[in-house]
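**Student:** With the working numbering as the guide, the letters of the sequence shown map in order to residues 105 to 222. Backbone N, C-alpha and C define an ideal beta-carbon position, used for all residues, glycine too. I'd like to ask some things about the structure below.
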Amino acid sequence: MNLVLNFGKHKSKTIEEVYASDPGYCRWLSNQKILIDSEPGVSDFLKAKFINDDGSFLMTWGKFKGRTIKQIQAIDSNYIEWLKKNEFVNQKMSKLKGALAKLMVFFLKKNILEFRLA
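Following this line, the structure appears as C-alpha coordinates:
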(Lines of atoms letter the chains of each structure in order from A and count residues from 1; the text may use other names and numbers.)
(Lines give C-alpha, C1' and ligand atoms only; values in the text may rest on other atoms or scores of the structure.)
Protein backbone atom coordinates (compact mmCIF):
# COMPACT_ATOMS: atom_id res chain seq x y z
CA MET A 1 0.00 0.00 0.00
CA ASN A 2 1.53 3.32 -1.05
CA LEU A 3 -0.84 5.98 0.19
CA VAL A 4 0.95 9.31 -0.04
CA LEU A 5 -0.15 12.22 2.14
CA ASN A 6 -0.78 15.42 0.21
CA PHE A 7 -1.07 17.69 3.25
CA GLY A 8 0.47 18.48 6.62
CA LYS A 9 3.94 18.26 8.05
CA HIS A 10 4.50 14.85 6.45
CA LYS A 11 3.36 15.86 2.97
CA SER A 12 4.76 13.59 0.21
CA LYS A 13 5.45 10.70 2.62
CA THR A 14 3.44 7.49 2.65
CA ILE A 15 1.14 6.90 5.59
CA GLU A 16 3.19 3.79 6.39
CA GLU A 17 6.38 5.88 6.64
CA VAL A 18 4.64 8.42 8.84
CA TYR A 19 3.21 5.73 11.14
CA ALA A 20 6.66 4.16 11.50
CA SER A 21 8.34 7.47 12.36
CA ASP A 22 5.57 9.45 14.08
CA PRO A 23 2.69 7.34 15.47
CA GLY A 24 1.56 10.25 17.65
CA TYR A 25 0.89 12.34 14.55
CA CYS A 26 -1.04 9.42 13.04
CA ARG A 27 -3.15 9.14 16.18
CA TRP A 28 -3.92 12.85 15.99
CA LEU A 29 -4.62 12.57 12.27
CA SER A 30 -7.03 9.67 12.84
CA ASN A 31 -9.24 12.10 14.80
CA GLN A 32 -9.16 14.80 12.10
CA LYS A 33 -12.11 13.58 10.03
CA ILE A 34 -12.14 16.66 7.80
CA LEU A 35 -8.59 15.84 6.66
CA ILE A 36 -8.88 12.10 6.17
CA ASP A 37 -12.46 11.63 4.97
CA SER A 38 -11.38 12.66 1.47
CA GLU A 39 -8.60 10.05 1.60
CA PRO A 40 -10.39 6.71 2.18
CA GLY A 41 -7.20 4.64 1.98
CA VAL A 42 -5.51 6.76 4.63
CA SER A 43 -8.65 6.69 6.75
CA ASP A 44 -8.87 2.88 6.52
CA PHE A 45 -5.18 2.49 7.36
CA LEU A 46 -5.51 4.68 10.45
CA LYS A 47 -8.72 2.98 11.60
CA ALA A 48 -6.96 -0.39 11.42
CA LYS A 49 -3.94 0.88 13.36
CA PHE A 50 -5.97 2.56 16.10
CA ILE A 51 -8.91 0.15 16.36
CA ASN A 52 -7.90 -0.78 19.92
CA ASP A 53 -6.80 2.72 20.94
CA ASP A 54 -7.78 3.25 24.56
CA GLY A 55 -6.86 6.93 24.68
CA SER A 56 -3.96 6.52 27.09
CA PHE A 57 -0.43 7.81 26.50
CA LEU A 58 1.00 6.56 23.19
CA MET A 59 4.62 5.45 23.27
CA THR A 60 6.57 6.99 20.42
CA TRP A 61 9.88 5.25 21.14
CA GLY A 62 11.28 2.03 22.52
CA LYS A 63 10.28 -1.58 22.12
CA PHE A 64 6.58 -0.72 22.51
CA LYS A 65 6.54 2.18 20.03
CA GLY A 66 3.00 2.69 18.74
CA ARG A 67 1.29 1.09 21.76
CA THR A 68 -0.48 2.80 24.62
CA ILE A 69 0.61 2.40 28.21
CA LYS A 70 -2.62 0.52 29.04
CA GLN A 71 -1.80 -1.96 26.29
CA ILE A 72 1.77 -2.26 27.56
CA GLN A 73 0.51 -2.85 31.12
CA ALA A 74 -1.48 -5.83 29.83
CA ILE A 75 1.50 -7.20 27.88
CA ASP A 76 4.46 -6.42 30.13
CA SER A 77 3.75 -4.87 33.52
CA ASN A 78 7.46 -5.06 34.36
CA TYR A 79 8.15 -2.55 31.59
CA ILE A 80 5.65 -0.14 33.16
CA GLU A 81 7.39 -0.57 36.52
CA TRP A 82 10.72 0.13 34.83
CA LEU A 83 9.31 3.29 33.23
CA LYS A 84 7.99 4.50 36.61
CA LYS A 85 11.46 4.14 38.14
CA ASN A 86 13.42 5.43 35.16
CA GLU A 87 15.37 8.60 36.00
CA PHE A 88 15.08 10.04 32.48
CA VAL A 89 11.30 9.55 32.44
CA ASN A 90 10.94 11.12 35.88
CA GLN A 91 13.13 14.13 35.08
CA LYS A 92 12.48 14.84 31.41
CA MET A 93 9.15 13.30 30.39
CA SER A 94 6.47 14.97 32.47
CA LYS A 95 3.59 13.87 30.20
CA LEU A 96 4.60 10.22 30.40
CA LYS A 97 5.19 10.51 34.15
CA GLY A 98 1.68 11.96 34.57
CA ALA A 99 0.17 9.29 32.35
CA LEU A 100 1.85 6.57 34.41
CA ALA A 101 0.40 8.07 37.60
CA LYS A 102 -3.08 8.13 36.00
CA LEU A 103 -2.61 4.53 34.91
CA MET A 104 -1.86 3.49 38.47
CA VAL A 105 -4.97 5.32 39.75
CA PHE A 106 -7.05 3.61 37.03
CA PHE A 107 -5.84 0.16 38.09
CA LEU A 108 -6.26 0.92 41.80
CA LYS A 109 -9.88 1.95 41.22
CA LYS A 110 -10.46 -1.08 39.02
CA ASN A 111 -9.04 -3.42 41.66
CA ILE A 112 -11.13 -1.82 44.42
CA LEU A 113 -14.28 -2.20 42.32
CA GLU A 114 -13.47 -5.83 41.51
CA PHE A 115 -12.80 -6.50 45.21
CA ARG A 116 -16.17 -5.00 46.18
CA LEU A 117 -17.98 -7.07 43.55
CA ALA A 118 -16.35 -10.32 44.67
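By Cβ distance below 6 Å, which residues in the same chain neighbour Val108 in space, the five residues on each side in sequence not counted?
**Tutor:** To locate residue 108, count along the sequence shown from 1; it is residue 4. Closer than 6 Å at Cβ, skipping near neighbours: Thr118.
**Student:** Just mark Val209 as buried or exposed, buried being the case when its beta carbon has 16 or more other beta carbons within 10 Å.
**Tutor:** Reading the sequence shown from its first residue, position 105 is the one you call residue 209. Classification for Val209: exposed.
**Student:** Measure the alpha-carbon distance for Lys151 versus Asp141 and round it to whole angstroms.
**Tutor:** Here the question's residue 151 lines up with position 47 in the sequence shown. Here the question's residue 141 lines up with position 37 in the sequence shown. For Lys151 and Asp141, the distance between alpha carbons rounds to 12 Å.
**Student:** List the endpoints of the continuous alpha helix (DSSP H) containing Glu191.
**Tutor:** Position 87 of the sequence shown, counting from 1, holds the residue named residue 191. Its alpha helix (DSSP H) spans residues 191-196.
**Student:** Could you please give me the residues that DSSP links to Leu133 through a beta bridge?
**Tutor:** Here residue 133 refers to the residue found at position 29 of the sequence shown. Bridge partners of Leu133: none, in fact.
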